[in-house]
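According to the working numbering, the sequence shown is numbered sequentially starting from 5. Beta carbons are placed, not taken as given, at the ideal position from N, Cα and C, and that holds for glycine. Just so you know, these numbers come straight off a predicted model, no measurement behind them. Take a look at the structure set out below.
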Amino acid sequence: MTTRTETDFTHLDQDLYAKAFQLLDPTPEPVTPTAPAPAAPTPVSVILAAAPPVHRAGPVEKTLSDALAFLDTHGWAKHRLIHHEGARCSIGALRAAAGTRNTAYRDAGNLLLAEARRQHGKQWEAIPSWNDSHTGAQVRGVWEAAVRRAHHLNI
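Written out as structure tokens, the structure is:
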């Protein structure tokens, strides 16, 4: 069996196509060129835009936060470093949180005392005397402000 393949193409009249389309749609709507669609963001930019920056607490902020958490868990005490039921004063909580009297312990204590002086007057020479002269709510307010300040200072 022989199949004949013709390679001659018949010329098509372009006006014929235009007339056919006009017959199909006699009143075409004008096409207005639109701005190209914005490119979709790359997956990496979507991930970066969706993820908030991660804050890593500095050693002073961590010490203050841990000490405040210790006070919340074990209780706050006046007139003694450690109460027989486990509650501690502010210095006791700082020592428990820091583990050792390192730089973070000293800096956290200095920041706490500075905040206590800012809120309750410059007369306070040490944390124990300030701690013993105020209510639990006042002491907690100073602790919270000291944590915020350490966070703000990124220390």
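Distance, residue j Cα to residue i Cα
i, j, result
"residue 112", "residue 147", "10 Å"
"residue 158", "residue 134", "26 Å"
"residue 142", "residue 129", "17 Å"
"residue 140", "residue 155", "22 Å"
"residue 138", "residue 144", "10 Å"
"residue 99", "residue 126", "24 Å"
"residue 104", "residue 88", "22 Å"
Proximity below 8 Å, CB of residue i to CB of residue j
i, j, result
"residue 86", "residue 96", "yes"
"residue 61", "residue 115", "no"
"residue 153", "residue 119", "yes"
"residue 63", "residue 108", "yes"
Span of the alpha helix (DSSP H), counted from its first residue to its last, around residue i
i, result
"residue 146", "140–157"
"residue 66", "63–78"
Cβ-based neighbour list, residue i, same chain, cut-off 6 Å, excluding 5 preceding and 5 following
i, result
"residue 66", "none"
"residue 123", "146"
Distance cut-off 7 Å: residue i Cβ against heavy atoms of the ligand COA
i, result
"residue 129", "Absence of the ligand COA is noted for the structure shown, with no ligands found whatsoever."
8 Å Cβ shell around residue i - same chain, five flanking residues per side excluded
i, result
"residue 58", "none"
"residue 117", "128, 130, 131 and 134"
Contacts around residue i, its chain only, beta-carbon distance under 7 Å, and the 5 residues preceding and following it disregarded
i, result
"residue 26", "none"
"residue 91", "78, 79, 80 and 81"
"residue 132", "93 and 95"
"residue 101", "67, 70, 71 and 74"
"residue 121", "128"
"residue 136", "82 and 83"
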